[in-house]
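Everything on this sheet refers to the single structure shown next.
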Amino acid sequence: MERFANAVRPRLARTAAAVRPRLARLRPRRPEGAVTAALPRITRAVVRPGTWPGAWRFTVVAATAGTVLAAGVVSAAGPWDSTGQRTTEQDRAVALEATRGTDHGGTHGNAGTPPRGSRTPPSAPSVLTGLGGGATTVKSAPVGKALTGTLAPLLKSPAFGGLSASVVDASTGRSVYGDDAEDALTPASTTKIVTAAAALTALGPDHRLTTRTTFEPDTKEVILVGGGDPTLTAREKNPAGSASLRDLAGRTAAALAERGVREVTLSYDTTLYPGGERHPIGVNPNLAALTPLMADEARVNDSASGPADRFADPAAEAARKFGVFLKDHGVEATPPGPSKSTARAGALATVSSPPLATLVERMLTNSDNDLAEALARHTAIATGERADFAGVSAAVRAQLQKLGVPLKGAAFKDGSGLDRGNRLTAGLLTALLVKSGDPAHPELRPVLTGLPVAGFTGTLTGRYADGAAGVVRAKTGTLTGVNALAGTVVDREGRLLAFAFLATGTTDPTTAQAALDKAATALAACGCR
18 MERFANAVRP RLARTAAAVR PRLARLRPRR PEGAVTAALP RITRAVVRPG TWPGAWRFTV
78 VAATAGTVLA AGVVSAAGPW DSTGQRTTEQ DRAVALEATR GTDHGGTHGN AGTPPRGSRT
138 PPSAPSVLTG LGGGATTVKS APVGKALTGT LAPLLKSPAF GGLSASVVDA STGRSVYGDD
198 AEDALTPAST TKIVTAAAAL TALGPDHRLT TRTTFEPDTK EVILVGGGDP TLTAREKNPA
258 GSASLRDLAG RTAAALAERG VREVTLSYDT TLYPGGERHP IGVNPNLAAL TPLMADEARV
318 NDSASGPADR FADPAAEAAR KFGVFLKDHG VEATPPGPSK STARAGALAT VSSPPLATLV
378 ERMLTNSDND LAEALARHTA IATGERADFA GVSAAVRAQL QKLGVPLKGA AFKDGSGLDR
438 GNRLTAGLLT ALLVKSGDPA HPELRPVLTG LPVAGFTGTL TGRYADGAAG VVRAKTGTLT
498 GVNALAGTVV DREGRLLAFA FLATGTTDPT TAQAALDKAA TALAACGCR
């Protein structure tokens, strides 16, 4: 372990040296009368054996803020490696203690187990330990009239109609600011925070989504069984470590060769989801048909995120491609048709997604609607509910009840937030963010690590260029007339705050979005007393 620490120490030193001038550039010029977004100082802490209670308040800072390392490492290699793991967290974790705990990697998604010699990041408490080696005292969060005086003018933008706002001290869970925080409003894509927490609670961060093939020997029928994995890929290059349809075809062909079979009838099974395939918004480039079998989210182009044209029948298209891959391995297959794998069918081959922790991070960072709807359905399946919208609603509510967060007024209509019938409160969102940083719930850590980093990743890449870049981590939410932002921020004195701003009836989306960003930036600059 000392060898690991010695290997990482020079990298951390180089990063710190590189960051200083960048942080200086990130400090915005202050227009007359504007709030200055000063960057926070990072509190340092050592968590010694037997002293964990009370020390966790230091730990949430590093994982949820992005802060200095997020700003510095991005300029060199980005905050993630090719698997989706945040490299700064991974290197720090390996240096500090032996490999153990939850696997958040993605390169071995098909195999289901880490390759020999791989580095498995430790469980949440160690990964969340504050940067640095010295001890310090945690200061209390901002309170009172000073914080209200900072936020209230920014949140009274004429671009807003209704507003629900909440700011909470992440170390104590105590509310430090609220403006109709219990009003349930349309949350748009901040719904994905709820979906992530519910899925991780029901399934655990190590759960994987499996696509498989079965064989009916009497009829020589090969059935491609959808496992509800929208990240399954048919592409030759697979940098994200997703389960591969090509690999599944190769394994299936090998299993058929052992049986002496070279010609098959090809079918596909989508019965995992019993409900209809259409979201209430209808055909839309933001979402494919809701089926448990698709490849590359049924995207017609080579994109990996964002709106795109989709194949009208994702399952049939995935099965068609699978048939082509079988032929490449010497197996002739008929044009595919729908079917159902029965108890008589024998197993041929499987491929599995990266762990749920990685999928949740991808969903939150990219605001991936297809993945959100899939994870919501898997939450329903895991809790014995039907994998349709009604089952999702019941399952999500049940999981949040387990977490003890406030649900008054909440309505869960889908997993993505595209349904305008969803209702959440700012208080519920901040409660979930605080819960996700609690060491008593390490399974929820990906809710925080998946939040986009302001100015650097996901849906916040192009925002905060002149504000709290690298300091705010937040999930965005945008529908016509709806703008939302929920996440975490470290203030000027190194205190971690969870915040949620939900605005409805917005008349100008650009102005509304800018107002929310200014409010988050003001929190970063605040040392309010």
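Numbers in my numbering are just positions in the sequence shown, counted from 1, shifted up by 17.
All C-beta atoms, glycine included, are put in the ideal place defined by N, C-alpha and C.
Non-local beta-carbon contacts of residue 190 in its own chain, meaning distances under 6 Å to residues more than five positions away in sequence, involve 451 in chain order.
The beta carbon of residue 254 is closer than 8 Å to none in its chain, skipping five residues each way along the sequence. Counting along the chain, the unbroken alpha helix (DSSP H) around residue 453 starts and ends at 443-453. Of the other Cβ atoms in all chains shown, 16 or more fall within 10 Å of the Cβ of residue 462; this residue is therefore buried. For the stretch 336-374, the full-length beta strand (DSSP E) segments reaching 3 residues or more read 363-369 along the chain. Secondary-structure assignment with DSSP links residue 285 through a beta bridge to 241, 355. CA-to-CA, the gap between residue 480 and residue 540 works out to about 16 Å.
A distance below 8 Å between beta-carbons, with the five flanking residues on each side excluded, links residue 237 to the following residues of its chain, in chain order: 278, 280, 281, 282.
Look at the stretch 428-505 and you find these whole runs of beta strand (DSSP E), each 3 residues long or longer: 489-496. Going by DSSP, residue 410 is part of the alpha helix (DSSP H) stretching over 406-420.
Cβ neighbours of residue 294 within its own chain (closer than 6 Å, five residues either side excluded): 306, 307, 308. Judged by DSSP secondary structure, residue 390 falls outside any beta strand (DSSP E) and instead within the alpha helix (DSSP H) spanning 386-399.
The DSSP-derived three-state label of residue 379 is helix. Rounded to the nearest angstrom, the gap between the Cα atoms of residue 325 and residue 170 is 38 Å. The way I'd put it, the stretch 211-229 does touch the stretch 415-429; three or more beta-carbon pairs between them come closer than 8 Å.
When rounded, the separation of the alpha-carbon atoms in residue 537 and residue 476 is 15 Å. Cβ-Cβ distances below 8 Å link residue 478 to 469, 472 in the same chain, with the five nearest sequence neighbours on each side left out; the list follows chain order. Between the C-alpha atoms of residue 289 and residue 408 there is a straight-line separation of about 13 Å.
Straight-line spacing of the CA atoms in residue 439 and residue 233 works out to 43 Å. Within the same chain, and ignoring the five residues on either side of residue 178 in sequence, the residues whose Cβ sits closer than 8 Å to its Cβ are 498, 520, 521, 522, 523, 524. Contact annotation: the stretch 333-347 does not touch the stretch 418-438, with fewer than three C-beta pairs closer than 8 Å. By alpha-carbon distance to residue 447, the top candidate from 208, 173, 371 is 208. The closest CA to that of residue 284, considering only 291, 359, 204, is found on 359. With contacts defined by Cβ atoms closer than 8 Å, residue 518 and residue 496 do not form a contacting pair. Distance from the CA atom of residue 201 to the CA atom of residue 320, rounded to whole angstroms, is 35 Å. Per DSSP, the unbroken alpha helix (DSSP H) holding residue 534 starts and ends at 526-542. The C-alpha of residue 259 lies about 14 Å from the C-alpha of residue 229.
Counting only the Cα atoms, residue 251 lies some 6 Å from residue 263. DSSP places residue 211 in the helix class (H, G or I) of the three-state scheme. Judged by their CB atoms, residue 168 and residue 180 are not nearer to each other than the 8 Å cut-off.
Under the DSSP definition of a beta bridge, residue 320 lacks any partner.
CA-to-CA, the gap between residue 485 and residue 392 works out to about 31 Å. For residue 263, the enclosing alpha helix (DSSP H) covers residues 262-275.
A straight line joining the alpha-carbon of residue 315 with that of residue 163 spans about 50 Å. Burial of residue 270 is indicated by the presence of at least 16 other C-beta atoms within 10 angstroms of its C-beta. Membership of residue 186 in the beta strand (DSSP E) is indicated by the continuous run 179-186.
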